[in-house]
Each structure stands twice: as C-alpha cells, then as structure tokens.
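Worksheet: one structure, shown below.
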Amino acid sequence: MSLGDQNDGYEGGVGGAGQTRTRLPEGVTGDPYGGRRPAARGSRSLITVVGVVVLLIAAIAFANRGGDDGDSATPNNGKNPGAAAPTSATGVGPVGKGWAKDEQGAQSAAANYAVALGSDGMFNKGRRHEIVRSLAHPSSMETLQSGFDADYSEGFLAQIGLNADGSAPVDSTFVNRTAPAGAKVKSFGGDTADVDVWCVGLFGLTGESSTKPVTSSWFTVSFKLQWADSDWKVVSTTQKTGPTPVTGDNPVSGSEEIADAVKEYGGFTYAR
-13 MSLGDQNDGY EGGVGGAGQT RTRLPEGVTG DPYGGRRPAA RGSRSLITVV GVVVLLIAAI
47 AFANRGGDDG DSATPNNGKN PGAAAPTSAT GVGPVGKGWA KDEQGAQSAA ANYAVALGSD
107 GMFNKGRRHE IVRSLAHPSS METLQSGFDA DYSEGFLAQI GLNADGSAPV DSTFVNRTAP
167 AGAKVKSFGG DTADVDVWCV GLFGLTGESS TKPVTSSWFT VSFKLQWADS DWKVVSTTQK
227 TGPTPVTGDN PVSGSEEIAD AVKEYGGFTY AR
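Going by the working numbering, the residue at position 254 of the sequence shown is 240; the numbering climbs one at a time, nothing skipped.
Here you go:
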C-alpha cells in the first residue's frame, strides 16, 4: 500500500512502496488545538512529585558513587560487563565515516536511515532524491526512488495541507520527525542484515486553522540492508504500527507552543 492510497490521514514515519500503515481518524474541524486535557487529580499529582523527588535523590547518590572509581564514567562497551542495566542504552561512540561492518554498525545505519526517511525533507522532491541516493543500495535505487515519488505525490501533499513543493501554508509550520527508541538485528550474514527500528514520530501542521494537528505515533521500521561501497545500504523497507505505550498525563500543548518548539529544537541527524 502506498501513501497515495490513504484518504484519511498519514501516520508519519518512513514512506515507500510496500509499506504497512494504520489509518488515522478523520480530520477534526474548527480549532484542533482548542483546549487542553484536564489536569490530573491532586492526589495523583502529589504522587508524581514524590516520585520525582525519589528519583532525583537516587540519581544524586548514583552520581556521587560514580566519582569513587575512575573507570566508572567509562561507557559500557563490553570491557566492563554487568555495569549497565539490561534496559540501558548500548553502543560505542559515533564513527568517523560510514558504519562498521558488524551488527551494531547495521543497527546504527538503520536507526539513522529511519530518521532521514522519516523527516520533512521527504516531502520535497529535490531533497527526497538526495536522501534516497545517499542511502539506497545501487540495485534498489530506482525501485526505492519511484516508490517514494509515488507516495509523496502532489495530490497527497494537497490532501495533508501542504503546497506542491512540500512547504507549509502561510502562518503554519509543518512537522514530520522520527526519533528511534531502539533497534534490534533480526538476522545478520556479514554482507546482509535485517534490522528493526522502534520509533516515535511527530506529524502534522500547526496553526489555528489547521485540521491536521501535530500528533505522535509509534511504529517499527524494518530494513533489509546490504553492504556496498564500504557502507550499509538500504535494499528495502517496510513499516508497521507499534509497539505503542500508554499515553501519559501531560496536558496537550497549544498550536503556538508546538510551533515554537519545532523552530527552537532542531531535529537530530545522528541517532546512535
């Protein structure tokens, strides 16, 4: 299913031929940002405050303990087994050029490709072609390019409220960002790798007249990678919804606050 087949919204994330997406509810009318969710009850807020204080105390204690050993500040890169909890972030520092030809290198490549393919640059033809050329495997370049071009057609751009060049209307800000939450290697064969990247995405238009308010979604992008030209390159990519956590109690921000945040906080080009 291509994005052009969607008539009721766009989940965000990575496009391309052969994608699996979930339909969003019909666009709301009027002011989609009018009003905030009610605040949590007082007792619940008190519990939250107490929890934050406890976590802060624990963090200070951990930091003070870390100063006792000169090696404790060294990232866990396999030389200090057991130093990190099972849920801690993993990986060595960024590489200088290209990704390492190992499982972590494949994960890093896939995570960054998810960021690039899930960016607002994909909605402009020129920038989209540059992005795809930089990450596609030579054998799949034409297929990926034509698939993405079909997904981001002028008709689709008009459907979500954008101009023909992918820019936002006057007095609006377009948001499309992808942030990886984790990655895993499903299979690795030396020159090939299948990698899943779990992501959260932001998508929509700010502005008082917008009927596509900025929403968040969770999805998993699956990459088939192949080694070429001393780097991992994309052969194909698919996407599915979730895993999706329970939404927190944060009050919904207004359109202006979201627009300011997008302008003030630049997105990341390096994911891991």
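Here a beta-carbon is modelled for each residue, glycine too, at the ideal position from N, C-alpha and C.
As the structure is a computational prediction, the values presented were derived from the model and not from experiment.
Enumerate in chain order the residues of its own chain whose CB-to-CB distance from residue i is below 7 Å, with the five nearest sequence positions on each side excluded.
i    : result
D177 : Q212, W213
S158 : L191, T192, G193, S196
Y99  : L121, F209, V220
K198 : G13, I146, G147, G190, L191
Out of the options, which has the shortest C-alpha to C-alpha gap to residue i?
i    : options                : result
T129 : A97, G141, H115, A100  : H115
G228 : V183, S216, G84, R113  : V183
C185 : A167, G133, A179       : A167
F189 : F254, M127, V248, V161 : V161
A154 : N110, V171, G187       : N110
G112 : S126, R163, D135       : D135
G187 : R163, S126, A169       : R163
Could you check the C-alpha separation between residue i and residue j for me, to the nearest Å?
i    : j    : result
V207 : V232 : 20 Å
D88  : V156 : 46 Å
T224 : L143 : 21 Å
V230 : A165 : Note that residue 230 is Thr in the sequence shown, not Val. In a straight line, the C-alpha of T230 is about 14 Å away from that of A165.
D235 : E243 : 18 Å
W85  : R119 : 17 Å
P237 : G91  : 38 Å
A179 : H123 : 13 Å
V181 : G253 : 23 Å
G141 : D215 : 36 Å
G240 : S139 : 30 Å
Q145 : S132 : 20 Å
V171 : A247 : 33 Å
With residue i as the anchor, note down where its beta strand (DSSP E) starts and where it stops.
i    : result
V183 : 178 to 192
G91  : Run containing G91: none in the beta strand (DSSP E); it sits in the alpha helix (DSSP H), 89 to 103.
V166 : Note on identity: in this sequence residue 166 is Pro, with Val being the wrong assignment. Unbroken beta strand (DSSP E) run through P166: 159 to 174.
D217 : 217 to 227
F209 : 201 to 214
Please report the residue range of the alpha helix (DSSP H) in which residue i lies.
i    : result
I121 : This sequence places Leu at residue 121; Ile is not what is there. L121 -> alpha helix (DSSP H) spans 111 to 121.
K249 : 241 to 250
L148 : No alpha helix (DSSP H) holds L148; DSSP gives it neither H nor E.
D106 : First-last for D106: undefined, no H or E at that position.
F134 : 127 to 137
Output needed for residue i: all residues of its chain with C-beta closer than 8 Å, excluding positions within five of it in sequence on either side, in chain order.
i    : result
I117 : A102, L103, S105, G107, M108
I'd like to confirm something about residue i: is its beta-carbon nearer than 8 Å to some heavy atom of the ligand GDP, or not?
i    : result
T164 : Here there are no bound small molecules, and the ligand GDP is not part of this structure.
In chain order, what residues of the same chain have a beta carbon less than 6 Å from the beta carbon of residue i, not counting five sequence neighbours either side?
i    : result
F174 : E89
A245 : T159, T192
I126 : The sequence given here places Ser at residue 126; Ile does not occur at that position. Once the five neighbours on either side are set aside, the close Cβ partners of S126 are V221.
E250 : none
Are three or more beta carbon pairs between the stretch 138 to 150 and the stretch 200 to 211 nearer than 8 Å?
no
Meets three-Cβ-pair contact criterion under 8 Å: the stretch 92 to 108 and the stretch 214 to 222
yes
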